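S.K.: Dumping the structure here so I can ask a few things about it.
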Amino acid sequence: MINKKMAKARQVNVSFLLRNGIHFIKSKLIIASIILSASPCLAQTIFKGSVVNKSGDAIAGTVTIQAKNSLTIDGFSTCNSQGKYVITYKGKADSVTITLSSMLVGKHSRTVKNQSQQVDFVIDEQPLHLKGVTINALKIKQDKDTLNYLVGAYTDQNDRVIGDVLKKMPGIEVTESGKISFNGKNIKRFYVENLDLLQGRYGLATNNIPAKSVSVVQVLENYQPIKALQGKIPTDDVAINLRLKDSAKGTLSIMGLLGGGYQPVLWNAEVTAMYFSKQRQNMTIYKGNNSGGNVASEFRTHYDYERVYMSPSSQLSIQNPATPPIPRKRYIDNRSHAISTNHLNKIKKDIELTTNILYYDDRIKKEGYSSYEQYLPSSDKLTIEEQIRSVNHIHNLELASRLNVNTKNRYINNAFNLNANWNNDFGTSHTHSNTNVADIQISQRLKQPFLSIDNTMNLIKTVKDNTYKIYFSIGYGHKPHSLEVSPATYWGDKQAESLTQDLLDRNLASILRLSYNLTLKDFRLDYNLWGNVNIRNLDTELAGQGSDYKERFSADSLRNNLWYNTYQTGFYQSYTYDNNHNFKVTLKIPLTYLVLTKNDKILDKNNTYQRFNVNPALTLKYDYRDFSFYIQGNAGRNFGDMNSNYTGFIMRSYRSLLRNDIDKLFESRSCNASSFVYYKDAFNALFFNIGFNYNHSWRNLLYGYSYQDIMSVKTVIGQPTQSDNYNVKLNASKGFNFLSTTLRTFGNYNSGNSQQLIQEDILDSKSYNYGIGFSLDTTPFHFLNLKYSFSWNENKSYIKKQASDFPSIRQISQNVGINIYPRKDITINMNMEHQYNSAAGERYTTFADANVKWKNKNIDIELEINNLFNTKQYITAFFNDVNTSYYCYNLRPVSALIKFRFKLK
Numbered sequence: 001m002i003n004k005k006m007a008k009a010r011q012v013n014v015s016f017l018l019r020n021g022i023h024f025i026k027s028k029l030i031i032a033s034i035i036l037s038a039s040p041c042l043a044q045t046i047f048k049g050s051v052v053n054k055s056g057d058a059i060a061g062t063v064t065i066q067a068k069n070s071l072t073i074d075g076f077s078t079c080n081s082q083g084k085y086v087i088t089y090k091g092k093a094d095s096v097t098i099t100l101s102s103m104l105v106g107k108h109s110r111t112v113k114n115q116s117q118q119v120d121f122v123i124d125e126q127p128l129h130l131k132g133v134t135i136n137a138l139k140i141k142q143d144k145d146t147l148n149y150l151v152g153a154y155t156d157q158n159d160r161v162i163g164d165v166l167k168k169m170p171g172i173e174v175t176e177s178g179k180i181s182f183n184g185k186n187i188k189r190f191y192v193e194n195l196d197l198l199q200g201r202y203g204l205a206t207n208n209i210p211a212k213s214v215s216v217v218q219v220l221e222n223y224q225p226i227k228a229l230q231g232k233i234p235t236d237d238v239a240i241n242l243r244l245k246d247s248a249k250g251t252l253s254i255m256g257l258l259g260g261g262y263q264p265v266l267w268n269a270e271v272t273a274m275y276f277s278k279q280r281q282n283m284t285i286y287k288g289n290n291s292g293g294n295v296a297s298e299f300r301t302h303y304d305y306e307r308v309y310m311s312p313s314s315q316l317s318i319q320n321p322a323t324p325p326i327p328r329k330r331y332i333d334n335r336s337h338a339i340s341t342n343h344l345n346k347i348k349k350d351i352e353l354t355t356n357i358l359y360y361d362d363r364i365k366k367e368g369y370s371s372y373e374q375y376l377p378s379s380d381k382l383t384i385e386e387q388i389r390s391v392n393h394i395h396n397l398e399l400a401s402r403l404n405v406n407t408k409n410r411y412i413n414n415a416f417n418l419n420a421n422w423n424n425d426f427g428t429s430h431t432h433s434n435t436n437v438a439d440i441q442i443s444q445r446l447k448q449p450f451l452s453i454d455n456t457m458n459l460i461k462t463v464k465d466n467t468y469k470i471y472f473s474i475g476y477g478h479k480p481h482s483l484e485v486s487p488a489t490y491w492g493d494k495q496a497e498s499l500t501q502d503l504l505d506r507n508l509a510s511i512l513r514l515s516y517n518l519t520l521k522d523f524r525l526d527y528n529l530w531g532n533v534n535i536r537n538l539d540t541e542l543a544g545q546g547s548d549y550k551e552r553f554s555a556d557s558l559r560n561n562l563w564y565n566t567y568q569t570g571f572y573q574s575y576t577y578d579n580n581h582n583f584k585v586t587l588k589i590p591l592t593y594l595v596l597t598k599n600d601k602i603l604d605k606n607n608t609y610q611r612f613n614v615n616p617a618l619t620l621k622y623d624y625r626d627f628s629f630y631i632q633g634n635a636g637r638n639f640g641d642m643n644s645n646y647t648g649f650i651m652r653s654y655r656s657l658l659r660n661d662i663d664k665l666f667e668s669r670s671c672n673a674s675s676f677v678y679y680k681d682a683f684n685a686l687f688f689n690i691g692f693n694y695n696h697s698w699r700n701l702l703y704g705y706s707y708q709d710i711m712s713v714k715t716v717i718g719q720p721t722q723s724d725n726y727n728v729k730l731n732a733s734k735g736f737n738f739l740s741t742t743l744r745t746f747g748n749y750n751s752g753n754s755q756q757l758i759q760e761d762i763l764d765s766k767s768y769n770y771g772i773g774f775s776l777d778t779t780p781f782h783f784l785n786l787k788y789s790f791s792w793n794e795n796k797s798y799i800k801k802q803a804s805d806f807p808s809i810r811q812i813s814q815n816v817g818i819n820i821y822p823r824k825d826i827t828i829n830m831n832m833e834h835q836y837n838s839a840a841g842e843r844y845t846t847f848a849d850a851n852v853k854w855k856n857k858n859i860d861i862e863l864e865i866n867n868l869f870n871t872k873q874y875i876t877a878f879f880n881d882v883n884t885s886y887y888c889y890n891l892r893p894v895s896a897l898i899k900f901r902f903k904l905k
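Counting along the sequence shown from 1, when you hit position 489 you're at 489 in full-length UniProt numbering, and nothing is skipped either side.
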């Protein structure tokens, strides 16, 4: 018993000793580990930083650290994709040397104190020469369907806004109107930091966002903006996204400009405020000038929105000098003001609310001479000479609001638009014709107010492989226009002191479409039922004073009160095979049933037409390596519009009187075939596209004109007619690292044949137009940039089986630009433009401009001198069908303008 108790006691003591021993050992180990871990923590230093070039673009490389004056490397790290690095030093030296090494930029070192801190590198990026081998950073990088253009690689000292840089990037084309395309395809979306703030008015971005604020221009190919359709409905669309530098994000930037000059007194003013963040974006801009700048061009929308659209264009017009193919600043006398505010708020992750408001007031004066030669079947020519002065006063107000919900399974987009114009035009014309030796001085006044409102709702829902869509758009437009002309002495013996054409055009339209999409592996089936209603009323009256001119016309022929309504319903079907690799084919078979009603209140006549229509289309696409091949074909049928159905005269201008004097529904049929080849090699910065297009059309009515002195009167006969048109175009661009060069070339060929109805005779006409050209932008030295462009064009027209022939017209245009950078803060620009036209009286015209800029951190000063040679006139000529037009424009004299550009915030 005692032995059992003693054994039990020994067992308890051993257990107690073991527990306490283990606890003691654990405590010692914890203390030891804390001491051991604390020691290096207290002894190490952490350095963080970023590595970028002067444009703010990230640079990849290796970062090493070592004690000052030591050859031993004590640690190394690498930069991530944003150029960030973290490196640790465990030594005891007072100072350390941090070194960046890269094959692209060489070695760059900084010596700092041994204490945790931020150490940034801003590198002047230069090629690294290795035994005769030069390695350059890639200017274009491709990541699947995204091309990244490094802005810093294309920017020079002369570039101010991102639009200046876009024009130098191979593959990207920017037209005079500001529209952007990539390798022949118009872009469908334009983003700033992945947000569509401007809703198609991206000229506001390209002409105002500083180039130094953008790090990368991204081109997004095969872009599908609707997340619910990604992977279900692929597209061939192209978008552009501007990636900003960190310094331009989340900060309010306000810039201003003031300028003044002489001959005449000139002024220029701008204020631009910009804010870009992940949740909100805003651009508010004011621009005004009287120096020829086109403030309205930046407000032009370049998106092809699918919505009920009410056009503000008028059927009435005054006779204006035509627009010459030279910069606007050379011939426009203007007084312009424009203001725009654009705001985007990202309410939640996938919900955006965008509001765009713009207003511009533009008063434009133009002056010029024109000579118009119309070929007549009698082998005579009608010649009309005009000396024209005009003033166009434009008032335009637009409001657009868009709510967008874009998730993986649901898409909601509601777009509201309000547009109001109240424009007034005035003009005087000294007119002379070879059929009337007397000169006539004619005054014109046009009032063209306009109001439209529309709303479009687009709903998309996806459930597994099924997609459901509801689309509804409705709009109303109101145009009460009035044209007054005095005197009207060119109607033979029946004259009038004045004529007034009143026109009221009202339009209500809506579209409803229900769609269903099913994806089965490589096949996609699209079906939709749709219907639209278009109700339109045209109410016009032509009245005069001073003479009984109505003896020439019946009273009813001078008025219109036409209700022209169309009701359509249809079934759209589309079948697509897409193997997601290199081949895609789509067949579309839309079926349409049309009911058209015409109610002519003046003639008390009603007509109803019913038509069934099929417009098939086929598209094939094949990708092979860097090539894309397209073949497209479609057929269509059209039944005219209200403008081909009114029966009373409408005086479109003092030289044009129109009516439809045949009681027959206009009908046209057409077929179109085209093929395109696109090539893209981002690594070698080579892009080109070539396309061919053929169009054949047939119409059951032949429209033409009879000429009575200077007045052209529209005529219509029940004669079927057809036309054919051919078009070939080529565009190519290549970027070279050598001398920082971008080369572009283009070519085109167009030909067509058609029938013309002139003086009630049918004439067969044919026309040709072809041209080639190229442009070069190169920097042979760091202080010198050269630009040169050349274009040659020739066009010709003739009448078949007629002895008379029109001489061909050749046009040549050359531009030379020289940019000199004597210092980093000084830029000297010189530009010369040379024009040649073989049919003009003065065949050669030369312009020259000069510009000097000086800038520092706070202000830029720019002296601009235009038309250095004081060229007073510009003369040009061109063919149009079977007539020839000659124009002479009075130009602005030599002028100087000094501008002060500064940053307010």
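All residues carry an ideal CB built from backbone N, CA and C; glycine is no exception. Bear in mind the structure is a predicted one, so any value in this text is a computation, not a measurement.
Residues in its own chain within less than 6 Å of Y886 by CB, not counting five upstream and five downstream?
M.R.: Translated into positions along the sequence shown, residue 886 becomes position 886. Once the five neighbours on either side are set aside, the close Cβ partners of Y886 are S371, A877.
S.K.: Are the beta-carbon atoms of S215 and G56 separated by less than 8 Å?
M.R.: Position 215 of the sequence shown, counting from 1, holds the residue named residue 215. Position 56 of the sequence shown, counting from 1, holds the residue named residue 56. Going by C-beta atoms, S215 is nearer than 8 Å to G56.
S.K.: Taking the beta strand (DSSP E) that T715 belongs to, which residues open and close that run?
M.R.: Position 715 of the sequence shown holds residue 715. 711 to 717 is the span of the beta strand (DSSP E), which, as asked, contains T715.
S.K.: Buried or exposed: where does C888 fall if 16 or more other Cβ atoms within 10 Å of its Cβ makes it buried?
M.R.: As a first step, residue 888 is located in the sequence shown; it is residue number 888 there, counting from the start. Its Cβ being crowded by 16 or more others within 10 Å, C888 is buried.
S.K.: F24 to K90, Cα distance in whole Å?
M.R.: In the sequence shown, counting from the first residue as 1, residue 24 sits at position 24. In the sequence shown, counting from the first residue as 1, residue 90 sits at position 90. Its pLDDT being 43, under 50, F24 is placed unreliably by the model, and nothing is read from it.
S.K.: Could you compute how far the alpha carbon of I812 sits from the alpha carbon of N883?
M.R.: Position 812 of the sequence shown holds residue 812. Position 883 of the sequence shown holds residue 883. Between I812 and N883, the C-alpha separation is close to 21 Å.
S.K.: Of the choices D380, T355, D425, whose alpha-carbon is the least far from that of K418?
M.R.: Your numbering for residue 418 matches position 418 in the sequence shown. In the sequence as presented, Lys is not what sits at residue 418; that position holds Leu. With distances taken between Cα atoms, L418 lies closest to T355.
S.K.: Which residues does DSSP pair with S390 in a beta bridge?
M.R.: Position 390 of the sequence shown, counted from the start, is the residue given in the question as residue 390. S390 is bridged by DSSP to K366, G427.
S.K.: Taking the alpha-carbon positions, what's the Y360 to N194 distance?
M.R.: Locating residue 360 in the sequence shown gives position 360, counting from the first residue. Locating residue 194 in the sequence shown gives position 194, counting from the first residue. Cα-Cα distance, rounded: 28 Å.
S.K.: Identify the residues that DSSP records as bridge partners of L739: which are they?
M.R.: Here residue 739 corresponds to residue number 739 of the sequence shown, with the count starting at 1. DSSP, once it has assigned bridges, lists no residue as partnering L739.
S.K.: Report the residue from T715, A617, Q44 whose alpha carbon sits nearest the alpha carbon of V86.
M.R.: Within the sequence shown, numbered from 1, the residue matching residue 86 stands at position 86. Of T715, A617, Q44, the residue nearest in Cα terms is Q44.
S.K.: Counting pairs of beta carbons, one from the stretch 343 to 358 and one from the stretch 374 to 386, are three or more of them closer than 8 Å?
M.R.: no
S.K.: In the DSSP assignment, find the unbroken beta strand (DSSP E) run with L229 in it and report its ends.
M.R.: The count along the sequence shown starts at 1 and reaches residue 229 at position 229. No beta strand (DSSP E) holds L229; DSSP gives it neither H nor E.
S.K.: Helix, strand or coil, according to DSSP, for R169 in the structure here?
M.R.: To locate residue 169, count along the sequence shown from 1; it is residue 169. In the sequence as displayed, the identity of residue 169 is Met instead of Arg. Secondary structure at M169: coil, using DSSP grouped into helix, strand and coil.
S.K.: In terms of DSSP beta bridges, what is Y609 paired with?
M.R.: For the purposes of this step, residue 609 is identified with residue 609 of the sequence shown, where counting begins at 1. Its beta-bridge partners are L596.
S.K.: For A685, which three-state DSSP category applies?
M.R.: In the sequence shown, counting from the first residue as 1, residue 685 sits at position 685. Here A685 sits in coil by DSSP.
S.K.: According to DSSP, A850 sits in a beta bridge with which residue or residues?
M.R.: Mapped onto the sequence shown, residue 850 falls at position 850. M830, I865, per the DSSP bridge assignment.
S.K.: In three-state terms, what does DSSP make of D626?
M.R.: Working through the sequence shown from its first residue, we reach residue 626 at position 626. It is coil, neither helix nor strand.
S.K.: Would you identify the three-state DSSP class for R669, choosing helix, strand or coil?
M.R.: As a position in the sequence shown, residue 669 is number 669, starting the count at 1. Here R669 sits in strand by DSSP.
S.K.: Mind checking who P210 pairs with in its DSSP beta bridge?
M.R.: Here residue 210 is taken as the residue at index 210 of the sequence shown, counted from 1. V161, per the DSSP bridge assignment.
S.K.: In whole angstroms, give me the CA-to-CA distance for E864 and N851.
M.R.: The residue you call residue 864 lines up with position 864 of the sequence shown. The residue you call residue 851 lines up with position 851 of the sequence shown. Rounded to the nearest angstrom, the two C-alpha atoms are 5 Å apart.
S.K.: What runs of the beta strand (DSSP E), each 3 residues or longer, lie entirely inside the stretch 259 to 283?
M.R.: The qualifying runs are 266 to 276.
S.K.: For L499, which of Y411, G475, R652, K249 has the nearest alpha-carbon?
M.R.: The sequence position of residue 499 within the sequence shown is 499, counting from 1. Closest option to L499, Cα to Cα, is R652.
S.K.: Could you name the residues that DSSP lists as bridge partners for L353?
M.R.: Residue 353 sits at position 353 when you count from the first residue of the sequence shown. Paired residues: N345, L403.
S.K.: Go ahead and label H481 buried or exposed: buried means 16 or more other beta carbons lie within 10 angstroms of its beta carbon, across all protein chains shown.
M.R.: For the purposes of this step, residue 481 is taken as the residue at position 481 of the sequence shown. Classification for H481: buried.
S.K.: Quick one: Cα of A509 to Cα of V716, how far?
M.R.: As a working mapping, residue 509 is identified with position 509 in the sequence shown. As a working mapping, residue 716 is identified with position 716 in the sequence shown. So the two alpha carbons sit approximately 29 Å from each other.
S.K.: What beta strand (DSSP E) runs, 3 residues minimum, are completely inside the stretch 518 to 593?
M.R.: 523 to 545, 559 to 578, 583 to 588
S.K.: How about S95 and F47: do their beta carbons lie closer than 8 Å?
M.R.: By one-based count along the sequence shown, residue 95 stands at place 95. By one-based count along the sequence shown, residue 47 stands at place 47. Not in contact: S95 and F47 (Cβ atoms no closer than 8 Å).
S.K.: Go ahead and pull the three-state DSSP assignment for I641.
M.R.: Taking the sequence shown and counting its residues from 1, the one referred to as residue 641 is at position 641. Note on identity: in this sequence residue 641 is Asp, with Ile being the wrong assignment. In this structure, D641 counts as coil in the three-state DSSP scheme.
S.K.: Cβ of V238 within 8 Å of Cβ of K185?
M.R.: Residue numbering aside, residue 238 sits at position 238 when the sequence shown is read from its first letter. Residue numbering aside, residue 185 sits at position 185 when the sequence shown is read from its first letter. Contact flag set, yes.
S.K.: In terms of DSSP beta bridges, what is Q708 paired with?
M.R.: Walking along the sequence shown from the start, residue 708 turns up at place 708. M711.
S.K.: Would you report the Cα separation of R524 and N517, rounded to the nearest angstrom?
M.R.: Along the sequence shown, read from residue 1 onward, the residue named residue 524 stands at position 524. Along the sequence shown, read from residue 1 onward, the residue named residue 517 stands at position 517. Cα-Cα distance, rounded: 7 Å.
S.K.: Checking the sheet assignment: what are the DSSP bridge partners for R445?
M.R.: Within the sequence shown, numbered from 1, the residue matching residue 445 stands at position 445. F426, E484, per the DSSP bridge assignment.
S.K.: Leaving aside the five residues before and after E173 along the sequence, list all residues of the same chain whose C-beta is less than 6 Å from its C-beta, in chain order.
M.R.: Along the sequence shown, read from residue 1 onward, the residue named residue 173 stands at position 173. Only S181 meet the Cβ criterion.
S.K.: Take every Cβ of the stretch 614 to 627, pair it with every Cβ of the stretch 571 to 584, and state whether three or more of those distances are shorter than 8 Å.
M.R.: yes
S.K.: Once DSSP output is grouped into helix, strand and coil, what is the label at G250?
M.R.: In the sequence shown, the residue the question calls residue 250 occupies position 250. Coil, per DSSP.
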